[in-house]
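Residue numbers (the UniProt record's numbering): 1 to 136.
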């Protein structure tokens, strides 16, 4: 298999070397529709390939979640969402999940005179507008 890959790569390199800048520019200008169709066909084939291995989708979801958390929030995330909407369904879902609670307010009230012990919480985002101490 590696030998076939090397042969195909060598053929592609030879063709690229033989084509001059003028030929490449001509192809880019006049064959744009063919190039777009090539991209569409490639996307369809990749989608079909992904569909053949549904067990891997959980790993892909986790990778998408990791990538989205690395980007954080802000303008970059909204731009990525626009791009992912047309290209990567799992990445788009990860962005939706990450931004789902961004505009919501969550609160917890602990009250009573006989409660003692430890209160533990977990935050996975920005915290603001909270107080510690006795309530009213």
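Think of the CB as a built atom: it goes at the ideal place given N, C-alpha and C, for glycine as much as any other residue.
Query	Result
Cα-Cα separation between residue 74 and residue 81, rounded to whole angstroms	11 Å
Expected contact under 8 Å - CB spacing of residue 68 and residue 98 to nearest Å	5 Å
Assigned exposure category for residue 84 - 16 Cβ within 10 Å defines buried	buried
Where residue 19 sits in the DSSP three-state scheme	coil
Collapsed DSSP secondary structure at residue 31 in the structure displayed	coil
Segment limits, alpha helix (DSSP H) that includes residue 96	89-99
Sub-8 Å separation of residue 64 and residue 94 beta-carbons	yes
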